[in-house]
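**Q** I am attaching a structure below and will ask some questions about it afterwards.
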Amino acid sequence: MPEKLIFELSSKGRRGYTLPKCDVPEKEIAELIPPDMLRDKPAELPEVSEVDVVRHFVNLSTLNHHVDKGFYPLGSCTMKYNPKVNEDMAGLPGFAHIHPLQPESTVQGALQLMYELGQYLCEIAGMDDITLQPAAGAHGELTGLLMMRAYHEKRGNPRSKVILPDSAHGTNPASVVTAGYKTVQIRSDRRGLVDLDQLRSVMDEEVAVVMLTNPNTLGLFESDICEIAKIVHHAGALLYMDGANLNALLGIARPGDMGFDVVHFNLHKTFSTPHGGGGPGSGPLGVKKDLAKFLPVPVVRKNQNPKSKTQIEYSLDYDLPESIGKIHGFYGNFGVLVKAYTYIRMLGPKGLREVSEAAIINANYLLRRLEPYFDVPYEGCCMHEFVLSGNRQKDKGVKTLDIAKRLLDHGVHAPTVYFPLIVPEALMIEPTETESKESLDHFVEAMIKINEEVETNPDIVKTAPHTTPVGRLDEALAAKNLDVRWKPKEE
Ligand SMILES: *Cc1c(COP(=O)(O)O)cnc(C)c1O
2 MPEKLIFELS
12 SKGRRGYTLP
22 KCDVPEKEIA
32 ELIPPDMLRD
42 KPAELPEVSE
52 VDVVRHFVNL
62 STLNHHVDKG
72 FYPLGSCTMK
82 YNPKVNEDMA
92 GLPGFAHIHP
102 LQPESTVQGA
112 LQLMYELGQY
122 LCEIAGMDDI
132 TLQPAAGAHG
142 ELTGLLMMRA
152 YHEKRGNPRS
162 KVILPDSAHG
172 TNPASVVTAG
182 YKTVQIRSDR
192 RGLVDLDQLR
202 SVMDEEVAVV
212 MLTNPNTLGL
222 FESDICEIAK
232 IVHHAGALLY
242 MDGANLNALL
252 GIARPGDMGF
262 DVVHFNLHKT
272 FSTPHGGGGP
282 GSGPLGVKKD
292 LAKFLPVPVV
302 RKNQNPKSKT
312 QIEYSLDYDL
322 PESIGKIHGF
332 YGNFGVLVKA
342 YTYIRMLGPK
352 GLREVSEAAI
362 INANYLLRRL
372 EPYFDVPYEG
382 CCMHEFVLSG
392 NRQKDKGVKT
402 LDIAKRLLDH
412 GVHAPTVYFP
422 LIVPEALMIE
432 PTETESKESL
442 DHFVEAMIKI
452 NEEVETNPDI
462 VKTAPHTTPV
472 GRLDEALAAK
482 NLDVRWKPKE
492 E
C-alpha cells in the first residue's frame, strides 16, 4: 500500500506535543504582530501524534534507495558510507548555533576549523592556497575558471578557448561557457586517455585552460599527465583538475605534483558528507600561489605571530584587491566543512591512503569478476571505478537502462548509465572503499543473474523493477507534468 500523505493521517484535535503552562503574562497575538501580517484563518496543518510523525517519516525514508539501505555503485558520484560521527560533530552547539555575522573574536574555533581544513586539503592535493566557499564541484569549476580568466586578463589577454576531452563530465563545458569561454573538444585515444598529438595540434595562444579529470571518467589514470602539463604550460595556458575522482588518489599522488594549477574538491564525494537528493555540497578550490591573489573574499588567515594575548589568532581577510569577489553567502556551507574535517581527522594520513587503496582494490575486484559477462571497452587495471558496455546484451534486445532498473529488484542502486558518452550502453561502476567483499559479491551475483535473464527471460528485465514501491515510470512525463501539491478533499 502506498504511504499516505501526512495530511491524510491528520485527525482533528490530535496532538504531538505538550507545552508547560505559560509562566509569563500572555498577550493577544495581534498586540505583537501588525494586523496586516496576520493570517485570516489558521494554517492548514496536519494534526498528528508523535508516533504518527515518526512512522510516517521512517516509512518514507525506506521508499527510496540510499547508502544507509544498500549498495550504491553510482559511478563518478562516490556514494560511500557517511560516518554518523560527522553529523554529531556538525551538530555541536559551538558549531551549529553560531552566526556568520558574529565578531571574529567569538568564533575562533570555527575559523580554526576552516583554516585547518584548508591546510589539509592543500596538503592532500599539493596546492598553495584555497577557498572553501564554492557550494559544490560545478561551482568550484566556475570559480576556478573565473580566477584563471582574471590571471590571463592581468597578463594582457583573457584568451578565448578551453580544451576538454570527450569523456568530460557535463558540468565542465557548462562552467566553461558560463565563464565566457568557448569549448574545444579533443577525443580520447584507444587507451581511453588524452591523445597527446591531438592536444598539441589544438594548443595555441587563444587556449586559456585545459580541463581534465584524473583519473578520468573512464576510471583510468592519465599516465602522460606530466607531459600534458608541459605542453599546456609551454603554450602559456593553465591546467585545471576536476577533482571529483580524488577518491582514487588520497595519500598516493597529488594533482599539484602532476602539474595541475587549480583543483576543486567535492567534499560530499571524497570526504564522506551526505549528498544526493540535492543536499548541501561543498566544492573547495585549491590553487597554486600564482593564482592565490584572485581568490574569492574573504580568505581565512592564521596570524602567525600574535603580538599580544588579546590579538586574535584566526581572521577573515577581505584585503585582496585582485579578488574575483564573492561567490557564496558568507563562507560556504559550513556544516559540510565540519563533517569533512571530522572525516579527515578520524582517518589521519595513513587512513586516507587506505581509503584510496581499498577503493581501487574493490573496483578492480568487480571489474575482473564481471569481465566474462560484459564488454570491457578499455583494457588493463582501473582506478576507483570502471566502465562496462552493455552492447552484447543490447544485441539480444535488453538495454543498459533495463539492466539498471532490474538491479533495484536485488536491493542495489544502478551504476551510472550512458555516461561517459564515448562508451555505448555505458555502465559506470564505483563501489567505493566502504563495501565489504560480501556486498561486492552480492552485486556480482545480481549482475550475473540479470545477464542470464537476458537469455532466458528478457521480458522480466525489460519491465523491471518489480519489487519497488512503484514500477517503471515514464521519466519524461514526471518532469513535464510535475504535480506535488496537496489538494484538500472536497467536503
Ligand atoms: C560530480 C562530478 C562533477 C560535479 O560536481 P558537483 O559537486 O555535483 O557539482 C564534476 N565532474 C565530475 C567528473 C563529477 O563526477
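Taking this note's numbering, the leading residue of the sequence shown gets 2, the next gets one more, and so forth.
For every residue, glycine included, the Cβ atom is placed at its ideal position computed from N, Cα and C.
Because the structure is a prediction, the values reported are computed rather than measured.
#1: Going by C-alpha distance, which of P322, S324, N306 and I325 is nearest S316?
#2: My guess is that K183 and S168 are in contact by the Cβ rule of under 8 Å, so how many angstroms apart are they, rounded?
#3: Tell me whether A139, by its Cβ, gets closer than 8 Å to a heavy atom of ligand 3.
#4: To the nearest angstrom, report how far apart P21 and V86 are at their CA atoms.
#5: If you pair each beta-carbon of the segment 459-474 with each one of the segment 376-387, do three or more pairs fall below 8 Å?
#6: Using the three-state DSSP reduction, which class does Y182 fall into: helix, strand or coil?
#7: With hydrogens ignored, establish whether the beta-carbon of S77 is closer than 8 Å to any heavy atom of ligand 1.
#8: Is it true that the CB of Y332 sits closer than 9 Å to the CB of P299?
#9: Using 8 Å as the cut-off, classify the Cβ of D243 as near or not near the heavy atoms of ligand 1, replying yes or no.
#10: I think V263 touches M149, with their Cβ atoms under 8 Å apart; what is that distance to the nearest whole Å?
#11: Whole angstroms is fine: what's the gap from A254's alpha carbon to A126's?
#12: Buried or exposed for H166, please, with buried defined as at least 16 other CB atoms from any protein chain shown within 10 angstroms of its CB.
#13: Which whole-angstrom value is the C-beta distance of E434 and A341, which I expect to be below 8 Å?
#14: Helix, strand or coil, according to DSSP, for R302 in the structure here?
#15: How would you label V233, buried or exposed, when you count the other beta carbons within 10 angstroms and need 16 or more for buried?
#16: Any heavy atom of ligand 1 inside 8 Å of the beta-carbon of G280?
#17: Looking at C-alpha atoms only, which residue of K70, A415, D410 and P94 is the closest neighbour of N83?
#18: Can you find the residues in the same chain that come closer than 7 Å, C-beta to C-beta, to N392, ignoring five residues on each side of it along the sequence?
#19: Between which residues of its own chain and E454 is the CB-CB distance below 7 Å, once the five residues before and five after are set aside?
#20: Quick check on DSSP: helix, strand or coil for S440?
#21: Could you check what DSSP says for V208 in three-state terms: helix, strand or coil?
#22: Examine ligand 1 and report whether any of its heavy atoms sits within less than 8 Å of the Cβ of G1.
#23: By DSSP, does G412 sit in helix, in strand, or in coil?
#24: By the 10 Å Cβ neighbour count, where 16 or more other Cβ atoms means buried, how is V59 classified, buried or exposed?
#25: Would you mind reading off the limits of the alpha helix (DSSP H) that contains M242?
#26: Quick check: the Cα distance between G271 and P43, rounded to an integer number of angstroms?
#27: I'd like to know if the segment 171-183 and the segment 104-115 are in contact, where contact means that at least 3 CB-CB pairs between them fall below 8 Å.
#28: Counting Cβ pairs, one atom from each stretch, are 3 or more of them under 8 Å apart for the segment 364-384 and the segment 434-452?
#29: Excluding the five sequence neighbours on either side, which residues of its own chain have a C-beta within less than 8 Å of the C-beta of D196, listed in chain order?
#30: Pair every Cβ in the segment 37-53 with every Cβ in the segment 3-12, then say whether three or more of these pairs are closer than 8 Å.
#31: At what residues does the alpha helix (DSSP H) containing V203 begin and finish?
#32: Using 8 Å as the cut-off, classify the Cβ of T132 as near or not near the heavy atoms of ligand 1, replying yes or no.
#33: Hey, P350 and G252 are a contact pair by Cβ (cut 8 Å); roughly how many whole angstroms apart?
#34: Would you grab the beta carbon distance between G287 and L122 for me? Rounded to a whole angstrom, and I think it's under 8 Å.
#35: I'd like the span of the alpha helix (DSSP H) that includes A91, first residue to last.
**A** Reading from the atomic positions:
#1: Locating residue 316 in the sequence shown gives position 315, counting from the first residue. Taking only the C-alpha atoms, the option nearest S316 is N306.
#2: For this step, residue 183 is matched to residue 182 along the sequence shown. For this step, residue 168 is matched to residue 167 along the sequence shown. The Cβ separation is near 19 Å, so there is no contact.
#3: Absence of ligand 3 is noted for the structure shown, with ligand 1 being the only ligands found.
#4: On the sequence shown, position 20 is the one that residue 21 refers to. On the sequence shown, position 85 is the one that residue 86 refers to. When rounded, the distance between both Cα atoms is 33 Å.
#5: no
#6: One-based indexing of the sequence shown puts residue 182 at position 181. Coil.
#7: Taking the first residue of the sequence shown as position 1, residue 77 is located at position 76. Checking the Cβ of S77 against ligand 1 gives yes.
#8: As a first step, residue 299 is located in the sequence shown; it is residue number 298 there, counting from the start. As a first step, residue 332 is located in the sequence shown; it is residue number 331 there, counting from the start. For P299 and Y332, yes; Cβs fall inside 9 Å.
#9: Working through the sequence shown from its first residue, we reach residue 243 at position 242. Flag set: Cβ of D243 near ligand 1.
#10: The sequence position of residue 263 within the sequence shown is 262, counting from 1. The sequence position of residue 149 within the sequence shown is 148, counting from 1. Indeed, because the Cβ distance is near 7 Å, the residues count as touching under 8 Å.
#11: Start at 1 with the first residue of the sequence shown, and residue 254 comes out as number 253. Start at 1 with the first residue of the sequence shown, and residue 126 comes out as number 125. Taking the straight line joining both Cα atoms gives about 8 Å.
#12: Along the sequence shown, read from residue 1 onward, the residue named residue 166 stands at position 165. Looking at the sequence shown, residue 166 is not His but Pro. Classification for P166: buried.
#13: Here residue 434 refers to the residue found at position 433 of the sequence shown. Here residue 341 refers to the residue found at position 340 of the sequence shown. About 16 Å; that fails the 8 Å criterion.
#14: On the sequence shown, position 301 is the one that residue 302 refers to. In this structure, R302 counts as strand in the three-state DSSP scheme.
#15: Position 232 of the sequence shown, counted from the first residue, corresponds to residue 233. When all chains shown are included, V233 counts as buried.
#16: In the sequence shown, counting from the first residue as 1, residue 280 sits at position 279. No, ligand 1 has no heavy atom inside 8 Å of this Cβ.
#17: Here residue 83 refers to the residue found at position 82 of the sequence shown. Answer by Cα proximity: K70.
#18: Here the question's residue 392 lines up with position 391 in the sequence shown. Excluding sequence neighbours, N392 sits near D376, P425 and E426.
#19: As a first step, residue 454 is located in the sequence shown; it is residue number 453 there, counting from the start. Here the set comprises I461 and V462.
#20: Stepping through the sequence shown from its first residue, residue 440 is reached at position 439. Of the three classes helix, strand and coil, the one that applies to S440 here is helix, per DSSP.
#21: In the sequence shown, the residue the question calls residue 208 occupies position 207. Reduced to three states, the DSSP call for V208 is strand.
#22: This structure leaves residue 1 out entirely; the chain is present only between 2 and 492.
#23: The residue given as residue 412 occupies position 411 in the sequence shown. The answer is coil: DSSP assigns G412 none of H, G, I, E or B.
#24: The count along the sequence shown starts at 1 and reaches residue 59 at position 58. The residue is exposed, with fewer than 16 neighbouring Cβ atoms inside 10 Å.
#25: In the sequence shown, residue 242 corresponds to position 241, counting from 1. Where M242 is concerned, there is no enclosing alpha helix (DSSP H), although the beta strand (DSSP E) it sits in stretches over L239 to D243.
#26: If you number the sequence shown from 1, residue 271 lands on position 270. If you number the sequence shown from 1, residue 43 lands on position 42. One detail in the question is off: residue 271 reads as Thr in this sequence, not Gly. Approximately 46 Å between the Cα atoms of the pair.
#27: no
#28: yes
#29: As a first step, residue 196 is located in the sequence shown; it is residue number 195 there, counting from the start. Within the same chain, D196 has close Cβ partners I187, R188, S189 and D190.
#30: yes
#31: Position 202 of the sequence shown holds residue 203. Segment L197 to V203, the alpha helix (DSSP H) holding V203.
#32: Taking the first residue of the sequence shown as 1, we reach residue 132 at position 131. Not under cutoff, so the answer is no.
#33: For this step, residue 350 is matched to residue 349 along the sequence shown. For this step, residue 252 is matched to residue 251 along the sequence shown. Confirmed, about 6 Å.
#34: Position 286 of the sequence shown, counting from 1, holds the residue named residue 287. Position 121 of the sequence shown, counting from 1, holds the residue named residue 122. Yes, they are in contact, since the Cβ atoms of G287 and L122 sit about 6 Å apart, within 8 Å.
#35: In the sequence shown, residue 91 corresponds to position 90, counting from 1. Its alpha helix (DSSP H) spans residues K85 to A91.
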